[in-house]
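*Asks:*
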Amino acid sequence: MTSTSRTIVLITGANQGIGYAAAEQLLKQNNYYILLGSRNAENGAKAAAELDPSGESVEPITIDVADDDSIQKAADHITSKYGRLDVLVNNAGINNELALYWKQLENEEETKPDLAALRQVYRDAYEVNLFGAAITTEAFTPLLEKAVMKPARIVFVSSHTGSIGLRTDPSSPFYEKMSQASFPVYRSSKTAMNMLTLHYAAKFKEQGWKVNASCPNLTKSAFSRFSDLGRSPAESAVNIVRLATLSEDGESGQYSDENGVVAW
Ligand SMILES: NC(=O)c1ccc[n+]([C@@H]2O[C@H](COP(=O)([O-])OP(=O)(O)OC[C@H]3O[C@@H](n4cnc5c(N)ncnc54)[C@H](OP(=O)(O)O)[C@@H]3O)[C@@H](O)[C@H]2O)c1
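Each position in the sequence shown, counted from 1, maps to that position plus 99 in the working numbering.
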């Protein structure tokens, strides 16, 4: 089976964790061809070879979503080799706030916060989690417009922690009083990503695209420093895969996990 007769999916940050697990599950569905995004070429090649030793169903694509040239190079490569994209999964993400949180705990007595360090943490998180997803979506829109395996689909990998609905609901586990552990940098970057989801869902409504956000839940991956409290990347990938494989009658403009709709 050639790539042209299959649904072509690009997953950013798929060399490990939830993105890798999503690629693995899509491959089991047989008619999917995976462009496995990785910011590090070597790690991408290794992950692609693990997933598909034959090389018939997975191609590693080097893409750093914090670097416009890298995004454009990836888009140009896919344009010249495949001429289209059917599904984009904006999965790449970072949680760089833990180190700052630990530092704050160590220096509780200090009254003056390190503003420059905090600004940098915000910049780095937003570069990947928000700007990266937005610019990648813009760069790949011309290819999604040429999708053959319709509907074209975009999945934003968000987080329950970005939900304002859950954050303000006292009965929700994501409701927290103001504390240092509230992780405002990461959470706000995902809240903003949710607005991107609604923006693109509205923008491509007429064309019938399915644009949705998924909440993985706490997962045992590099992102959470392999927290024992987290579940497996495979479990967290289930709803991402569902959204990446929606048919014409599937939803668009929704925020969900595997149990259903999540409050924005
Ligand atoms: N784990 C959780 O508890 C959890 C919960 C809710 C939501 N999420 C979200 O789920 C997504 C995947 O997380 P994960 O748990 O699978 O984490 P992970 O195992 O750390 O994987 C994150 C992936 O993103 C890549 N990445 C980081 N910066 C990048 C950049 N500038 N350009 C391209 N790729 C980049 C990483 O590349 P490297 O391998 O090179 O670092 C890695 O492949 C993230 O968006 C995260 O916010 C995770």
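All C-beta atoms, glycine included, are put in the ideal place defined by N, C-alpha and C.
Quick check for students: name the residue ranges of the beta strand (DSSP E) that lie wholly in the stretch 281-343, counting only runs of 3 or more.
*Replies:* 309-313
*Asks:* Inspect the CB distances between the stretch 235-243 and the stretch 206-225 and report whether three or more fall short of 8 Å.
*Replies:* Not touching, per the Cβ criterion.
*Asks:* Under DSSP, the alpha helix (DSSP H) around Y354 begins and ends at which residues?
*Replies:* Element bounds for Y354: not the alpha helix (DSSP H) but the beta strand (DSSP E), Y354 to D356.
*Asks:* Report yes if the CB atom of L111 is closer than 8 Å to the CB atom of I162, and no otherwise.
*Replies:* The residue you asked about is not Leu; residue 111 is Thr in the sequence shown. In contact: T111 and I162 (Cβ atoms closer than 8 Å).
*Asks:* So, under 8 Å CB-CB, R252 and K309 are touching, yes? Tell me the CB distance rounded to an integer number of Å.
*Replies:* 5 Å
*Asks:* Please state whether DSSP places V188 in a helix, a strand or coil.
*Replies:* DSSP, reduced to helix, strand and coil, places V188 within a strand of the structure shown.
*Asks:* In the DSSP output, which residue or residues are listed as bridge partners for S137?
*Replies:* T161
*Asks:* How is R252 classed by DSSP in three states: helix, strand or coil?
*Replies:* strand
*Asks:* Heavy atom of ligand 1 less than 7 Å from the Cβ of G118, yes or no?
*Replies:* yes
*Asks:* Can you say whether F325 is buried or exposed, counting buried as having 16 or more other CB atoms within 10 angstroms of its CB?
*Replies:* exposed
*Asks:* How about I193: is its Cβ closer than 7 Å to a heavy atom in ligand 1?
*Replies:* Under cutoff, so the answer is yes.
*Asks:* Classify K127 as buried or exposed, calling it buried when 16 or more other Cβ atoms lie within 10 Å of its own Cβ.
*Replies:* exposed
*Asks:* So the beta strand (DSSP E) L109 belongs to, where does it begin and stop?
*Replies:* Looking at the DSSP string, the run of the beta strand (DSSP E) that includes L109 is T106 to I110.
*Asks:* Please report the straight-line C-alpha distance between M292 and P159, rounded to a whole angstrom.
*Replies:* 25 Å
*Asks:* For Y119, does the three-state DSSP call read helix, strand or coil?
*Replies:* helix
*Asks:* Just verifying my parser: in three-state terms, what is the DSSP assignment at Y221?
*Replies:* In the structure shown, Y221 sits in a helix (DSSP, three-state: H, G or I).
*Asks:* For a test of the three-state rule: what should DSSP assign to G143, helix, strand or coil?
*Replies:* helix
*Asks:* In the DSSP assignment, what residue or residues form a beta bridge with G182?
*Replies:* Paired residues: none, contrary to the question.
*Asks:* Name the DSSP bridge partner or partners of G359?
*Replies:* Partner(s): D356.
*Asks:* Which whole-angstrom value describes the C-beta separation of P315 and V256, a residue pair presumed to lie in contact below a C-beta threshold of 8 Å?
*Replies:* 7 Å
*Asks:* If you check the beta carbons only, do K245 and R341 fall under 8 Å apart?
*Replies:* no
*Asks:* Between N358, G349, I193 and E149, which has its C-alpha nearest G307's C-alpha?
*Replies:* G349
*Asks:* Check the C-beta distance from G136 over to A191 and give it rounded, since I have them as a contact under 8 Å.
*Replies:* 7 Å
*Asks:* Tell me which same chain residues have a C-beta within less than 7 Å of the C-beta of Q171, skipping the five on either side of it?
*Replies:* A238
*Asks:* I'd like to check one pair, N195 with A232: are the Cβ atoms closer than 8 Å?
*Replies:* no
*Asks:* Could you check which residue in N130, L197 and F230 has the C-alpha nearest to that of L217?
*Replies:* L197
*Asks:* Using the Cα positions of D168 and P269, report the straight-line distance between them to the nearest angstrom.
*Replies:* 44 Å
*Asks:* If we count the other Cβ atoms within 10 Å of its Cβ and call it buried at 16 or more, is A140 buried or exposed?
*Replies:* exposed
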